[in-house]
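S.K.:
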Amino acid sequence: MSIPEPTAGTAAPPRRSILSGSTGLAGAVLVGAVIAVALGVYGREHAPARRPLYTLGFSSPLPMKAWLTTIVLILVLVQLLTALWMWGRLPGVKSAGPVVSIVHRWSGTAAFVVSLPVAFHCLWALGFSTADTRVLVHSVAGCTFYGAYAAKMLGLRVKSLPGWALPVLGGLVFSLLVLLWLTAALWFFTRSGIPHV
Numbered sequence: 001m002s003i004p005e006p007t008a009g010t011a012a013p014p015r016r017s018i019l020s021g022s023t024g025l026a027g028a029v030l031v032g033a034v035i036a037v038a039l040g041v042y043g044r045e046h047a048p049a050r051r052p053l054y055t056l057g058f059s060s061p062l063p064m065k066a067w068l069t070t071i072v073l074i075l076v077l078v079q080l081l082t083a084l085w086m087w088g089r090l091p092g093v094k095s096a097g098p099v100v101s102i103v104h105r106w107s108g109t110a111a112f113v114v115s116l117p118v119a120f121h122c123l124w125a126l127g128f129s130t131a132d133t134r135v136l137v138h139s140v141a142g143c144t145f146y147g148a149y150a151a152k153m154l155g156l157r158v159k160s161l162p163g164w165a166l167p168v169l170g171g172l173v174f175s176l177l178v179l180l181w182l183t184a185a186l187w188f189f190t191r192s193g194i195p196h197v
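Using the UniProt record's numbering, read the sequence shown as starting at 1 and increasing by one per residue.
1) At 3 residues or longer, and completely inside the region 104-176: list those beta strand (DSSP E) runs for me, N to C.
2) Would you say Ala148 and Leu161 are within 8 angstroms of each other, going by their C-beta atoms?
3) Ignore the nearest five residues each way along the sequence and tell me which others in His121's own chain have a CB closer than 7 angstroms to its CB.
4) Reducing DSSP to helix, strand and coil, say where Ser101 ends up.
5) Using the rule of at least 16 other Cβ atoms within 10 Å of the residue's Cβ for burial, across every protein chain shown, is Thr109 buried or exposed?
6) What residues match up with Ser60 in a beta bridge as DSSP calls it?
7) Apply the 10 Å Cβ neighbour rule to Gly193 and answer buried if 16 or more other Cβ atoms are within range, or exposed otherwise.
8) Tell me which residues share the same chain as Phe174 and place their Cβ nearer than 7 angstroms to its Cβ, disregarding the 5 neighbours each side in the sequence.
9) Which value, in whole angstroms, describes the spacing of the CA atoms of Phe58 and Ala185?
10) Give the DSSP bridge partners of Ser95, in chain order.
11) Using the three-state DSSP reduction, which class does Ser20 fall into: helix, strand or coil?
12) State the DSSP-derived secondary structure class of Ala33, mapped to helix, strand or coil.
This is how it looks when you write it as C-alpha cells:
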C-alpha cells in the first residue's frame, strides 16, 4: 500500500538534494546512524561532570529535564496530529490548510530546540550510563533519537523518497521520544520525597 501525498493546501518548497530515492534514503539513515553512534561514544568516553551547568530556574536538573521533556512530548504529539491531518489520515477532518503545515513545522522546530538543554545536560553531566536497565534504555534511546531526527530531517530533502520512508522515520522519532519520556520524566514524576519543580 503506498502512502498518498499530503492533501492540497500543504505545498512544501521543492526538495533540493544531491541524492534521490533509495540512495538518498540510505544516505540519510547512514548519517543518522553515525550521529547516534557518535553521541553514544562521546557520552561513554568523556568523564561526566556529575554537576549541572544550569537548571533554567528549576530546583535541580531532574525537574528541569522532566518538565522540558514533557513539553517536547506535547509538541511532538502536535507534530503527530498535524502530520496525520496533512496526510489525510484523521477520519472526519477536512483537508489540512496551509496553517496546519506551518504549525507542523514550528512545533517540530520548537520541540527540537526545547530538547537541546536536556540532551546537553545528559551528555555533559551524566554521560552514557549502563547503571541499570532503565538508565541504559534511556541512554540508548537518547542517542538514537537524535540520529533518527537527523535522518528524518535529511529524508525531507531527498527527491523521490519512497512513500513509506517519511512516516517510518517520523514514527521512529516519535516512538523514541515516548520511550525517553517513560524512562526519565515519568520515572521522575512517580517518585515521592523529591521536589518536582
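Backbone N, C-alpha and C define an ideal beta-carbon position, used for all residues, glycine too.
M.R.: Put simply:
1) none
2) no
3) Pro52, Leu53, Pro61, Lys65
4) helix
5) exposed
6) BP columns for Ser60 are empty, so no partner.
7) exposed
8) Val76, Leu80
9) 14 angstroms
10) The partner list for Ser95 (beta bridge, DSSP) is empty, contrary to what the question assumes.
11) strand
12) helix
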